[in-house]
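Enquirer: Counting from 199, one number per residue, gives the positions in the sequence shown under my numbering.
Just so you know, even glycine gets a beta-carbon here, dropped at the ideal spot from N, CA and C.
These numbers were taken from a predicted model, which means no experiment stands behind them.
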Amino acid sequence: MPDHPPLILLVEDDEPIRRFVRAAMTSQGHRVMEVATGAAALEQAVLEPPDLVLLDLGLPDIDGLEVIDRLRDWTQLPVIVLSARDREADRVEALDRGADDFLSKPFGAAEMLARVRAALRRASRRASDRGEPAELRFGRLRIDLGARRVWLADQELKFTRIEYRLLTTLARHGGRVLTHGFLLREVWGPRHVDDPRYVRVFVSNLRQKVERDPSRPELIITEQGVGYRFAEPSRES
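(1) By Cβ distance below 6 Å, which residues in the same chain neighbour V219 in space, the five residues on each side in sequence not counted?
(2) Does DSSP put D254 in a helix, a strand or coil?
(3) Going along the chain, which residues of its own chain have a beta-carbon closer than 7 Å to the beta-carbon of L263, five neighbours each way excluded?
(4) Judging by CA-CA distance, which residue of R315, P304, V244, L350 is the nearest neighbour of R338?
(5) With 16 as the cutoff for other CB atoms within 10 Å, does P431 come out buried or exposed?
(6) Here's a check: name, in chain order, each residue in its chain whose Cβ is nearer than 7 Å to the Cβ of Q242, leaving out the five neighbours to either side.
(7) I think F400 touches L355, with their Cβ atoms under 8 Å apart; what is that distance to the nearest whole Å?
(8) When we look at the beta-carbon of L245 and count the other beta-carbons within 10 Å, is it buried (16 or more) or exposed?
(9) In the DSSP assignment, what residue or residues form a beta bridge with M231?
(10) Could you name the residues of the same chain whose beta carbon sits closer than 8 Å to that of F305, not counting the 5 residues immediately before and after it, in chain order?
(11) Could you pull out every residue in the same chain whose Cβ sits closer than 8 Å to the Cβ of W386, ignoring the five residues on either side in sequence?
(12) Use the C-beta contact count for L417: other C-beta atoms within 10 angstroms, 16 or more gives buried, fewer gives exposed.
Printed below as a string of structure tokens:
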């Protein structure tokens, strides 16, 4: 990310929520641009590209999901959805459309700020990468992408082809929620997108191999009804 304070584009038509979010963001030194419609958001994102978008789905002109679609046509800047739609299906659709995270209203300032920090960190890593890193580290877990080998502390782990593909798909998107549908498409192909049982079974197998306590996972976190979030990479990775 640039050296100047992060620029946040807040897309929200509810004035009390805008005031709440603005106060939280400015308390952390972030700059905030505010718009109340989807059309204004798309225009502003082109005129002055932000570092992150906070997006309400229930906008008066364009549905927030369409705003995500249009943004993803030309940019990968992080988008966090702030929405009163709290059904699992709504969260899944927003994430599948390209949102980086989803917060259901009402939400607290601390959780929102933590999600913003995490999204900005991920964007910063993407911007600084020169191609794919040769190795990913997550505490004791080390993945050598070039050699296709994995270690837990000093012990090399063995995986089936599908287990390895699932592990590396999760790890490459560390810190981001990946839906069942996304994982099925990436690992098993488009014919299996309607059967999340594949994902659950193989995630259980992975946890047996990489977690200290598979019943209390620290690396592969379940996002109930949506999918999974892998831990963020260690700073040295």
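Expert: Checking against the coordinates, here is how it stands:
(1) Residue 219 sits at position 21 when you count from the first residue of the sequence shown. Only L208 meet the Cβ criterion.
(2) For the purposes of this step, residue 254 is identified with residue 56 of the sequence shown, where counting begins at 1. In this structure, D254 counts as strand in the three-state DSSP scheme.
(3) Along the sequence shown, read from residue 1 onward, the residue named residue 263 stands at position 65. The answer, listed in chain order, is L255, E291, A292, R295.
(4) Counting from one through the sequence shown, the residue named residue 338 turns up at place 140. The candidate whose alpha carbon is nearest that of R338 is L350.
(5) Residue numbering aside, residue 431 sits at position 233 when the sequence shown is read from its first letter. Buried.
(6) The residue you call residue 242 lines up with position 44 of the sequence shown. Counting only Cβ-Cβ distances below 7 Å, and skipping sequence neighbours, we find L207, M231, V233.
(7) Numbered from its first residue, the sequence shown carries residue 400 at position 202. Numbered from its first residue, the sequence shown carries residue 355 at position 157. Not really, about 14 Å apart at Cβ, beyond 8 Å.
(8) Taking the first residue of the sequence shown as position 1, residue 245 is located at position 47. Exposed is the call here.
(9) Your numbering for residue 231 matches position 33 in the sequence shown. According to DSSP, M231 bridges with L207.
(10) Here residue 305 is taken as the residue at index 107 of the sequence shown, counted from 1. Closer than 8 Å at the Cβ level, and outside the excluded window around F305, lie L280.
(11) Walking along the sequence shown from the start, residue 386 turns up at place 188. Correct list, in chain order: I360, Y396.
(12) Start at 1 with the first residue of the sequence shown, and residue 417 comes out as number 219. Buried.
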